[in-house]
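Structure first, then comments.
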Amino acid sequence: MGNFFDRENMLARVIAFLIACALWMYVMNEQNPLVERNYVVNLELRNVPEGMIVLNTPDKVRVKVQAQRTVLGDITEKEVTAYVDFADKNIGQQALPVKAQFNQGTVLEVYPNNIYAYLDSVTEKVMEVDTRVIGIPASDFTLSKREVIPDSVTVKGATHRINEMARVVAPVDVSERENDFQVESTLIAMSANGLEMPDLQISPAKAQVKASLVRQMITVEVPVVVETTGALTGGMTMKRAVCEPATVKLTAEPSILQSITEVKTQPVDLGKFSANGNVEAVLLLPEKTMADTHTVKVHIEAE
2 MGNFFDRENM LARVIAFLIA CALWMYVMNE QNPLVERNYV VNLELRNVPE GMIVLNTPDK
62 VRVKVQAQRT VLGDITEKEV TAYVDFADKN IGQQALPVKA QFNQGTVLEV YPNNIYAYLD
122 SVTEKVMEVD TRVIGIPASD FTLSKREVIP DSVTVKGATH RINEMARVVA PVDVSEREND
182 FQVESTLIAM SANGLEMPDL QISPAKAQVK ASLVRQMITV EVPVVVETTG ALTGGMTMKR
242 AVCEPATVKL TAEPSILQSI TEVKTQPVDL GKFSANGNVE AVLLLPEKTM ADTHTVKVHI
302 EAE
C-alpha cells in the first residue's frame with residue numbers, strides 16, 4: 002500500500018513540475034515574447050577565386066530575424082551576417098543564393114534571397130592620360146597648353162570592362178580663368194561611348210594638371226566705307242566712290258571685334274575733283290586692332 006502512495010506522489014510531482022514549466026514558459030513569453038526585426042546588412046562575398054573579381058552584386062541585403070525581445074533589444078546589424086559563396090565558381094554570370102547567419106535567434110527571411118553576379122578575371126592596362134576641359138575661360142582668353150603629371154597610369158578591373166575602356170581623362174575646369182594655373186584632378190576611366198567607368202581602379206588615382214592661358218586673337222574681314230566731304234567742282238556730281246581693296250582684315254580680341262561691322266576712311270575732300278579721279282585714303286582703324294592694310298585707293302566717279 003505504501004508503494005502505491007509513493008508512486009501516486011511521484012506522478013503528482015511530475016505533473017506539477019510540468020505544469021510549473023508550462024506556466025513559467027507562458028509567463029516568460031508574456032514578459033519576453035519572441036519578436037521579429039529587419040536588419041539591412043552588408044553583403045559579404047566569400048571564397049572569391051584568386052585573380053577574379055565579382056560584379057553586379059548589391060552592397061546590402063535585408064535580413065528578417067526572430068528572437069526574444071530582450072535579445073533583439075541589444076542587437077545591431079553587425080551581429081547579423083549575409084553572404085554569397087563563390088567557391089568553385091567559373092567566369093561568367095552566376096545565379097547564387099544569399100545566405101544569412103544570426104547566432105542569437107532564427108533567420109526568417111533574406112531579401113533578395115538570390116542574386117545574379119558576374120565573375121570575371123582581373124586585368125591591368127597602362128593608359129595615357131588626356132585632359133577634359135570644363136567651362137570657358139575669361140573673355141578673350143583661350144587655353145594654349147596642358148601638361149599632365151603623370152602622363153600615364155595603370156588601370157585595373159574586370160577583363161571585359163578593361164576591354165570596353167577607351168581612355169583615361171583628367172577633368173580641368175577653366176571657367177573664368179585668365180592666368181596660368183595648376184590643379185589636382187581625380188582621374189576618370191571612360192568607355193568609347195563617353196560613359197564613366199567608376200568600377201575600374203586607376204593608380205595613381207589623381208594627377209596634377211598644369212594649364213597655360215593666352216589672350217585669344219581672331220581675325221575678321223569687314224567692308225570699307227568711303228567717307229566724303231564737300232562737293233565736286235565744275236558743276237559735276239559724284240556718281241559713286243569705290244575703294245580698292247573693298248574689305249580689310251582686322252585682328253584683335255573677340256570682345257573688341259564683336260561690335261565692329263565696317264571700317265571707314267578719313268573723309269575724302271570732293272572739292273579737289275572736277276572729274277573722275279583717284280586718291281589714297283587712310284583707314285580709321287578701331288583701337289586695339291591690327292589691320293592687313295592701313296590705306297585704300299579710292300576712285301571717284303563723276304557725272
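For the sequence shown, this note's numbering gives the first residue as 2, with consecutive numbering after it.
Cβ atoms here follow ideal geometry from the backbone N, Cα and C, with glycine treated the same way.
All of these numbers come straight from a predicted model, not from anything done at the bench.
| query | result |
| --- | --- |
| Enumerate in chain order the residues of its own chain whose CB-to-CB distance from Pro268 is below 7 Å, with the five nearest sequence positions on each side excluded. | Glu228, Thr229 and Thr230 |
| Starting from Val280, trace the beta strand (DSSP E) both ways and give me its first and last residue. | Gly278 to Val283 |
| From Glu80, Gln67, Asn194 and Val41, pick the residue whose C-alpha is nearest to that of Pro113; which is it? | Val41 |
| Which word fits Val127, buried or exposed, when buried means at least 16 other C-beta atoms lie within 10 angstroms of its C-beta? | exposed |
| Using the rule of at least 16 other Cβ atoms within 10 Å of the residue's Cβ for burial, across every protein chain shown, is Ile203 buried or exposed? | buried |
| In angstroms, rounded to a whole number, what distance separates the CA positions of Ala171 and Glu222? | 38 Å |
| Expressed to the nearest angstrom, what Euclidean distance is found between the alpha-carbon atoms of Ile301 and Lys265? | 16 Å |
| With C-beta atoms as the reference, is Leu188 less than 8 Å away from Val130? | yes |
| How big is the Cα-Cα spacing for Glu281 and Pro138? | 42 Å |
| Restricting to runs no shorter than 4 residues, where is the alpha helix (DSSP H) found entirely within the segment 235-262? | 255-258 |
| To test your reading of the DSSP string, which unbroken beta strand (DSSP E) runs of 3 or more residues are found completely within the segment 113-177? | 115-135, 142-150, 153-159 and 166-174 |
| How about Arg63 and Asn39: do their beta carbons lie closer than 8 Å? | yes |
| Would you please state the rounded distance, in angstroms, between the beta carbons of Ala303 and Lys240? I believe it to be under 8 Å. | 6 Å |
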